[in-house]
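Enquirer:
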Amino acid sequence: MGSVWEGVHASLGTRVAVKFIEAEHASSAEARQRFVNEAHAAARLNSKHVVQVYDHGVGADGCPYIVMEFLDGEPLDARLDRERVLPPEQVLSIIVQVSRALTRAHEQGIVHRDLKPENVFLVWDADDQRDLVKVVDFGIAKFLDKGAQTSSSTRTGSVLGTPYYMSPEQARGLRTVDQRSDLWSLGVIVYRCLLGELPFVGEAVGDLLVKICTLDPPVPTSLNPALPPGFDAWVARALSREPGDRFQTAAEMANALAGALGQAPIASGEGPAIRLTDPSLPDASAPFPAQTVTEFTQNTPQEARGGRGMLLWGVGGAALLLVAGVAALLMTGSVSARGEPPSDPAPATEPAASTPEVTPVSEPEPSVSAASSPAPPASAEPESLEPGPPPAAQPKVRAPVIQAAKPSAARVVEPSPKPPPAPKPPPASTGRDIGY
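Counting along the sequence shown from 1, when you hit position 120 you're at 1473 in the working numbering, and nothing is skipped either side.
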């Protein structure tokens, strides 16, 4: 119904494809409507597996046109004419990409209705080193009405599509054609790619349509015993005459084909599943190791006493003084400037909901976290943390980290006139880190 010409974009200088309706059909209102349908259907589908439409309109001579992306490759039927049968892994790659295009179309309520090898275009992708599939020619696409499986633009009894790839409901001219008709056509394409012949042939169109509506296709392994037995069951379901017995979605159909051919399941989405082939790298699909996740729990009194092992490298008197300061903090909620050490540090009682939690840290580097509860006065800085006069050795300790019960109430305490030996780090930012 149309012819495609190579063109050049006037301002960008890029190649484009321009499709014109043939002169003998230009005066047909139905043909012109199909032409517009093709432009609208392709423009609605945001998929790299559907040819992109840039513009459409009517020329000065009254002839409609569509401006599309230029495809440098070959249609699938040209490859089949040259090679007759394709390897299973190549067939699976093609069908997976076609299924992604159909998924987008069916989600938009669009049924292609003329899916065949001529409308599956193969473009070599130099980056991925594989064929990039583009589904083209939505000229007789059917737009399903919401809430119904019919289209007002389809005449009762009309037969649209290429007979060899027609579904039984298309062959009978039913108006209840839906997305499962496209899946039938996709099943015929798979049959043709792997067996080198069509499942149904006839001496005339009428004979062919009768066979499609009444016969089962030849069993694949009877024609090629090298095919996996599971492929027989896949074909039987894909080419079932009852739409309810077929695969119901394109994604389901593609994944079932992968299993029937002994391939890995296909990931959903626009791109192929990413697999790490380097054995030295972790598997992207594997869960993270448990040791990479740190769980923070409230310390028990026994754990708090066990923390004194960190102070073994210091002198005994200074260690006892530090423990006394921690115990005083747990009992009173503030650090005393000149607390006297008790004879034996008692286990810390469980603090109230508003009492800060004190967690000893294991690193010897001095660092103090900003408190988010009301801050102690400047004079409350523990003098036990100040270095003594030489030559007496002072233990290098890290002040306890105080974690507030309500982080949202965090505020910064003004530094005291005599700063402690360790600088205070800036408070945690409440902004959202977006990783840039």
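Don't be surprised by glycine CBs; every beta carbon is placed ideally from N, CA and C.
Under the DSSP definition of a beta bridge, which residues are partnered with TRP1358?
Expert: As a working note, residue 1358 is residue 5 in the sequence shown. DSSP, once it has assigned bridges, lists VAL1371 as partnering TRP1358.
Enquirer: What span of residues does the beta strand (DSSP E) with TYR1418 cover, start to end?
Expert: Translated into positions along the sequence shown, residue 1418 becomes position 65. Its beta strand (DSSP E) spans residues 1417-1422.
Enquirer: Start and end of the beta strand (DSSP E) containing ASP1478?
Expert: Translated into positions along the sequence shown, residue 1478 becomes position 125. It spans 1473-1478 - the beta strand (DSSP E) in which ASP1478 sits, taken as one unbroken run.
Enquirer: Do GLU1391 and ASP1531 have their C-beta atoms within less than 8 Å of each other?
Expert: Here residue 1391 corresponds to residue number 38 of the sequence shown, with the count starting at 1. Here residue 1531 corresponds to residue number 178 of the sequence shown, with the count starting at 1. No.
Enquirer: LEU1547 and VAL1444: beta carbons closer than 8 Å?
Expert: For this step, residue 1547 is matched to residue 194 along the sequence shown. For this step, residue 1444 is matched to residue 91 along the sequence shown. Against a cut-off of 8 Å, the Cβ pair of VAL1444 and LEU1547 comes out as a contact.
Enquirer: Look up VAL1451 in the DSSP assignment and say whether it is helix, strand or coil.
Expert: Walking along the sequence shown from the start, residue 1451 turns up at place 98. Reduced to three states, the DSSP call for VAL1451 is helix.
Enquirer: Return helix, strand or coil for ASP1434, following the three-state DSSP convention.
Expert: Position 81 of the sequence shown holds residue 1434. The answer is helix: DSSP assigns ASP1434 an H, G or I state.
Enquirer: DSSP beta-bridge partners for LYS1487?
Expert: Taking the first residue of the sequence shown as position 1, residue 1487 is located at position 134. According to DSSP, LYS1487 bridges with PHE1474.
Enquirer: Who are PRO1440's beta bridge partners in DSSP?
Expert: As a position in the sequence shown, residue 1440 is number 87, starting the count at 1. Answer is none; PRO1440 lacks a bridge partner.
Enquirer: If we call anything under 8 Å between Cβ atoms a contact, is PHE1423 one with ALA1382?
Expert: As a first step, residue 1423 is located in the sequence shown; it is residue number 70 there, counting from the start. As a first step, residue 1382 is located in the sequence shown; it is residue number 29 there, counting from the start. No, the Cβ-Cβ distance between PHE1423 and ALA1382 is not below 8 Å.
Enquirer: According to DSSP, which residues form a beta bridge with GLY1426?
Expert: The residue you call residue 1426 lines up with position 73 of the sequence shown. Per DSSP, VAL1476.
Enquirer: Once the 5 residues before and after VAL1361 are set aside, which same chain residues still bring their CB inside 8 Å of it?
Expert: Looking up residue 1361 in the sequence shown gives position 8. Cβ within range, chain order: THR1367, ARG1368 and VAL1369.
Enquirer: Classify ALA1706 as helix, strand or coil using the three-state DSSP reduction.
Expert: Translated into the one-based positions of the sequence shown, residue 1706 becomes position 353. Model confidence at ALA1706 stands at a pLDDT of 46, short of 50, so the residue's coordinates are unreliable and nothing is read from them.
Enquirer: Any idea if PRO1458 is buried or exposed, counting beta-carbon neighbours within 10 angstroms, 16 or more meaning buried?
Expert: Here residue 1458 corresponds to residue number 105 of the sequence shown, with the count starting at 1. As written in the sequence, residue 1458 is Ala, which differs from the Pro given in the question. Counting Cβ neighbours within 10 Å, ALA1458 comes out buried, since at least 16 surround it.
Enquirer: Taking three-plus beta-carbon pairs below 8 Å as touching, is the stretch 1514-1530 in contact with the stretch 1429-1449?
Expert: No: fewer than three Cβ pairs fall under 8 Å.
Enquirer: Do the CB positions of MET1519 and ILE1565 come within less than 8 Å of each other?
Expert: Translated into positions along the sequence shown, residue 1519 becomes position 166. Translated into positions along the sequence shown, residue 1565 becomes position 212. Yes, the Cβ-Cβ distance between MET1519 and ILE1565 is below 8 Å.
Enquirer: For GLY1410, which beta-bridge partners are listed by DSSP?
Expert: Position 57 of the sequence shown, counted from the start, is the residue given in the question as residue 1410. The partner list for GLY1410 (beta bridge, DSSP) reads TYR1418.
Enquirer: Where does TRP1587 land, buried or exposed, given buried means 16+ other C-beta within 10 angstroms?
Expert: Start at 1 with the first residue of the sequence shown, and residue 1587 comes out as number 234. So TRP1587 ends up on the buried side.
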